[in-house]
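Those protein sequences? They're chains A and B, same order as listed. When we follow my numbering, the leftmost residue of the first sequence carries the number 1, and every step to the right adds one. When we follow my numbering, the leftmost residue of the second sequence carries the number 254, and every step to the right adds one. From the three backbone atoms N, C-alpha and C, an ideal C-beta is built for every residue, glycine too. One structure is given here, and the rest of the page talks about it.
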Amino acid sequence: MKYLEIKNLRKSFGGLTVIKDISLTVEEGEVVAIIGPSGSGKSTLLRCATMLETMDSGELIYLGEHAVKTNAEGKAVYAPPKQLKKIQRYYSLVFQDFNLFPHFTVLKNVTDALITIQKMSKAEALAIGRELLQKMSLSDKEDAYPYQLSGGQQQRVSIARALALSPKVLFFDEPTSALDPELTGEILKVIRDLAAEQMTMVIVTHEMSFARDVADYIIFMDGGVIVEEGLPEQVINNPQNERTRAFLSRFER
Amino acid sequence: MDWSVMLLKLAEGMLKSVEIFTLTLLLSLPLGLFVAFGRMSKNILIRNIIKFYISIMRGTPLMLQLMVVYFGPYYIFGLTLPRGYRFWAVIIGFVLNYAAYFAEIYRAGIESMPLGQYEAAKVLGYNQSQTFMRIILPQVIKRILPPVTNEVITLIKDTSLAFAIGEFEMFTTARAIASAESTVTPYIAAGIFYYVFNYIVAGAMEWCEKKMSYFR
Chain A
1 MKYLEIKNLR KSFGGLTVIK DISLTVEEGE VVAIIGPSGS GKSTLLRCAT
51 MLETMDSGEL IYLGEHAVKT NAEGKAVYAP PKQLKKIQRY YSLVFQDFNL
101 FPHFTVLKNV TDALITIQKM SKAEALAIGR ELLQKMSLSD KEDAYPYQLS
151 GGQQQRVSIA RALALSPKVL FFDEPTSALD PELTGEILKV IRDLAAEQMT
201 MVIVTHEMSF ARDVADYIIF MDGGVIVEEG LPEQVINNPQ NERTRAFLSR
251 FER
Chain B
254 MDWSVMLLKL AEGMLKSVEI FTLTLLLSLP LGLFVAFGRM SKNILIRNII
304 KFYISIMRGT PLMLQLMVVY FGPYYIFGLT LPRGYRFWAV IIGFVLNYAA
354 YFAEIYRAGI ESMPLGQYEA AKVLGYNQSQ TFMRIILPQV IKRILPPVTN
404 EVITLIKDTS LAFAIGEFEM FTTARAIASA ESTVTPYIAA GIFYYVFNYI
454 VAGAMEWCEK KMSYFR
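This is how it looks when you write it as structure tokens:
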């Protein structure tokens with residue numbers, strides 16, 4: 001089943017076009033990595049897909065349900081709020097700089113949305129939260145506050161927070177870019193484990209070897225368009241496009 | 254004048270000062286939040302009206318504002334107001350003035366919050382009011398406590414401005430006794446009173462700050 005479809009997405013800020021006509025599909029259980037130089041529009045793409053930015057035109061579809069359609073004049077039309085709220089539950093996002101809530105404990109960060117928004121019973125929410133923290137090897141940190149944790153631990157809490165809502169699609173926006181190199185590994189391992197559990201994920205990343213190992217499909221973006229896409233071996237090991245080659249040559253392989 | 258009589262009068266004045274202080278805070282702290290929302294409104298008319306109100310409150314002497322609130326209804330509109338109005342004029346004047354200052358503090362606190370907090374809340378499904386009440390406001394309160402403390406301490410001393418319209422709070426009482434009895438003792442008593450009051454309030458605010466130090 002197609003979990004996410006984006007069709008002919010366009011987005012500009014002021015007069016500057018950041019995304020020119022991008023279409024992509026993510027199937028159930030698939031891991032898609034989006035790579036490309038800074039300013040290529042990959043983060044904006046993610047922010048449009050998670051509705052943190054409004055798109056100018058195009059379609060956004062989760063599990064066959066339209067969040068955004070384009071009308072006859074070529075303008076994006078968003079679904080009514082009730083529908084959007086339902087669709088919003090299909091995905092979650094892990095931010096580059098975590099964005100944990102500093103005044104909540106680790107456990108509350110993970111469970112507050114379940115209790116406050118989804119009206120789950122406290123006991124049930126705490127059970128889910130503790131299970132996820134255990135999965136992230138953070139059981140001993142449930143009462144800590146975010147400032148007491150390392151960057152890698154904070155990012156694992158934010159992954160647990162995103163997973164608590166049991167999203168169908170999980171987005172990652174450069175999840176290791178704010179971390180020291182020695183902390184990157186622990187996050188990549190968590191994502192690898194999720195991939196092994198068939199979690200559907202879309203990952204914007206700078207970690208080329210990681211993208212090659214974990215992704216089922218790779219999209220290389222530059223200048224607001226998809227320059228090259230395909231299987232990891234093909235895109236990373238044997239790029240056809242000149243721009244992809246130039247970009248990848250800057251990374252050690 | 255007898256010592257005990259003088260002390261009794263001063264105590265009455267003290268009580269009045271505490272009353273003005275407490276009422277002003279209770280009313281201006283929440284009002285300031287609404288003023289801050291108006292100041293940040295997307296509606297340009299509301300925003301500009303509030304902006305003008307704040308600039309008047311900050312740009313003219315509080316003493317003058319008290320006089321306008323007290324004498325204005327009669328001299329401008331010809332209204333006769335009941336006897337007890339003097340006290341309420343003091344409260345209205347202080348509340349309007351302090352709400353403006355608090356509003357600017359709130360606004361600074363709210364606007365200093367990183368966008369990422371709003372975005373994380375949005376992705377997790379919090380609606381606007383949940384986001385503000387659960388995520389933003391607790392962090393804003395922590396950030397604005399030091400400037401709020403400043404205003405609160407200033408308010409204690411500002412209550413003495415009520416003498417401008419003859420409300421018998423601590424300072425007015427002390428002045429009346431001092432000139433009637435040709436002694437400076439009431440002034441010394443007043444000084445001690447303001448200092449002790451401030452000391453207690455500053456201690457309370459410090460306690461609040463400590464209470465909020467469990468997160469960063």
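Neighbours of P399 (chain B) in chain A, taken as residues at a C-beta separation under 7 Å, are lacking, since the least C-beta distance is about 17 Å.
Of the residues A:I187, A:L165, A:L163 and A:V26, the one whose Cα lies closest to the Cα of E174 (chain A) is A:I187. By the neighbour-count criterion, in which 16 or more other beta carbons inside 10 Å mark a residue as buried, F330 (chain B) falls on the exposed side.
Note: T25 (chain A) is bridge-paired with A:E5 in the DSSP secondary-structure output. Under a criterion of Cβ atoms nearer than 7 Å, the residues of chain A adjacent to F468 (chain B) are, in order, P102, H103, Y145 and Y147.
Assigned with DSSP and collapsed to three states, R336 (chain B) falls in coil, not helix or strand. Taking a C-beta distance under 9 Å as the contact criterion, V106 (chain A) and L149 (chain A) qualify as a contact pair. Between F95 (chain A) and S158 (chain A), the CB-CB gap stays under 9 Å.
For K85 (chain A), a Cβ of chain B is located within less than 9 Å of the residue's own Cβ. Taking a C-beta cut-off of 9 Å against chain A, none of the residues of the stretch 350-363 of chain B qualify. Boundaries around L93 (chain A) are those of the beta strand (DSSP E), Y91 to V94, since no alpha helix (DSSP H) includes it. Under the 8 Å Cβ criterion, the stretch 374-381 of chain B counts as touching the stretch 86-105 of chain A, having at least three qualifying pairs. In this chain, the beta strand (DSSP E) harbouring G58 (chain A) covers S57 to Y62. Three or more Cβ pairs closer than 8 Å define a contact, and the stretch 99-115 of chain A falls short of that threshold against the stretch 65-80 of chain A.
Secondary structure in the stretch 67-135 of chain A: the beta strand (DSSP E) runs of 3 residues or longer, each lying completely within the stretch, are 76-78 and 91-94 in chain order.
Using a CB distance cut-off of 9 Å, I219 (chain A) does not count as an interface residue toward chain B. The three-state secondary structure of D222 (chain A), taken from DSSP, is strand. At a Cβ-Cβ threshold of 9 Å, L278 (chain B) and Y359 (chain B) do not count as neighbours. The bridge partners DSSP lists for V32 (chain A) are A:V202 and A:Y217.
By the CB criterion at 9 Å, F171 (chain A) and M208 (chain A) fall outside the cutoff. Distance from the CA of G337 (chain B) to the CA of F305 (chain B), rounded to the nearest whole angstrom, comes to 30 Å. Setting aside the 5 residues that flank it on each side, M316 (chain B) is surrounded in the same chain by L414 and A417, each with a C-beta closer than 7 Å to its C-beta; the list follows chain order. For a Cβ distance threshold of 8 Å, residue set V376 and G378 of chain B lies close to Q88 (chain A), ordered along the chain. Of the residues B:G419, B:W460 and B:Y354, the one whose Cα lies closest to the Cα of Y323 (chain B) is B:G419. When secondary structure is reduced to three states using DSSP, D411 (chain B) falls in the helix class. Residue environment for G39 (chain A): exposed (fewer than 16 other C-beta atoms within 10 angstroms of its C-beta).
Taking the Cβ atoms as the reference, V190 (chain A) lies roughly 19 Å from I34 (chain A), outside the contact range of under 8 Å. Restricting attention to B:Y452, B:P391, B:F290 and B:I453, the CA atom closest to the CA of K464 (chain B) is found in B:P391. Scanning its chain for C-beta atoms nearer than 8 Å, with the 5 sequence neighbours on each side dropped, one finds around E142 (chain A) the residues T105, V106, L107, G129, R130 and L133, in chain order.
Three or more beta-carbon pairs drawn from the stretch 424-444 of chain B and the stretch 256-266 of chain B are found closer than 8 Å, and the two stretches are therefore classed as touching.
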